[in-house]
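Data first, discussion second: the structure below is written as structure tokens.
Numbering (the working numbering), first residue to last: 12 to 327.
This is how it looks when you write it as structure tokens:
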């Protein structure tokens, strides 16, 4: 019979495998966001709507939701609005720059998490986490310097998107043990849809906002229906790159800190940049400085297990 320490080690190892499967799947999201011709707002609305609808069709899910305390449902609904804002700004960043730049901006998440997770998740602040997160910044500076000036708005939006990631990741960590991951996912996706409908109705009536943000073109309805290949790519995005990895990431958070999982997710640019170069030819838009910056970011991810190893030999 395994000892508690051995069982925890097995669970932690399994969590690392789960989070890296998520990273591989999320590596395709930026590519799909570029391939899908919908504007950012209807794209995210369809992404979250398909996941929420499919989950609430499962009796075990809606029964779990009904069994939750109303206060806890409101908490998960609030987290879902942060998820929606992250995806909205993330795909806005893709439309205003490109897939490679958007995923690289998400590498700033550990900096934000090192500050907000101790407050929101009740975990002790660790200076070494902040310092490790700050090591990513030179890479971000090089990334910005290696892109055309026309992409600066997209870079700013990408960093704002990273801030939203930090907020919902820390809150998910705090409340992860109070509900089933699929139940949490269903509530968060549904509440995100509700927020996007409100945002779309407001933004659609203010043309200045839509033209600056690049989130919804004035001639596009927030309820625009995917046409042709868009429907296929949307199904892949919703189920293969959202439902599965989102649920897996929540399971992994039971044994990893939000900071540790977020830093691992910084490997996503490896897959996204490679796919963007292979499928979209984006390497023609980027300079050597961009790839040097991306390499720094990736290096920080790879040295994390050594720098953050505790005396017990466990990284979480």
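For each residue, glycine too, the CB sits at the ideal point set by N, CA and C.
Is residue i helix, strand or coil when you go by DSSP?
i           : result
residue 50  : coil
residue 21  : helix
residue 39  : coil
residue 257 : helix
residue 111 : helix
residue 32  : helix
residue 278 : coil
residue 234 : coil
residue 74  : helix
residue 159 : coil
residue 191 : coil
residue 325 : With a pLDDT of 44 at residue 325, under the threshold of 50, the modelled position of this residue cannot be trusted; read the value that follows with caution. Three-state result, residue 325: coil.
residue 126 : helix
residue 80  : coil
residue 58  : helix
residue 245 : helix
residue 239 : coil
residue 104 : helix
residue 306 : helix
residue 95  : helix
residue 147 : coil
residue 133 : coil
residue 298 : coil
In whole angstroms, what is the alpha-carbon distance linking residue i and residue j?
i           : j           : result
residue 66  : residue 265 : 21 Å
residue 100 : residue 269 : 21 Å
residue 61  : residue 190 : 21 Å
residue 244 : residue 134 : 39 Å
residue 180 : residue 41  : 19 Å
residue 53  : residue 20  : 42 Å
residue 58  : residue 43  : 11 Å
residue 130 : residue 102 : 28 Å
residue 163 : residue 279 : 21 Å
residue 299 : residue 108 : 17 Å
residue 141 : residue 271 : 12 Å
residue 302 : residue 239 : 34 Å
residue 208 : residue 85  : 18 Å
residue 87  : residue 204 : 13 Å
residue 27  : residue 310 : 18 Å
residue 104 : residue 139 : 30 Å
Does the Cβ of residue i have 16 or more other Cβ atoms within 10 Å, making it buried, or fewer, making it exposed?
i           : result
residue 74  : exposed
residue 221 : Confidence at residue 221 is low in this model, with a pLDDT of 48, below 50, so its placement is unreliable and the value that follows should be read with caution. The residue in question, residue 221, is buried, as its Cβ has 16 or more Cβ neighbours within 10 Å.
residue 69  : exposed
residue 119 : buried
residue 47  : buried
residue 29  : buried
residue 45  : buried
residue 188 : exposed
residue 128 : buried
residue 123 : buried
residue 314 : exposed
residue 289 : exposed
residue 159 : exposed
residue 25  : exposed
Could you tell me whether the stretch 34-42 touches the stretch 250-259, where touching means 3 or more Cβ pairs closer than 8 Å?
-> The stretch 250-259 and the stretch 34-42 touch, with three or more beta-carbon pairs separated by less than 8 Å.
Evaluate the contact criterion for the stretch 74-88 versus the stretch 194-202: three or more CB pairs, one atom per stretch, below 8 Å.
-> The stretch 74-88 vs the stretch 194-202: in contact.
Mind the definition here: the stretch 138-149 touches the stretch 162-181 only if three or more C-beta pairs lie below 8 Å; say whether that holds.
-> Touching, no.
Taking three-plus beta-carbon pairs below 8 Å as touching, is the stretch 238-254 in contact with the stretch 105-121?
-> No, because fewer than three Cβ pairs between the stretch 238-254 and the stretch 105-121 fall closer than 8 Å, the two stretches do not touch.
Between the stretch 171-179 and the stretch 80-97, do at least 3 Cβ pairs fall closer than 8 Å?
-> The stretch 171-179 makes contact with the stretch 80-97, as at least three CB pairs between them are under 8 Å.
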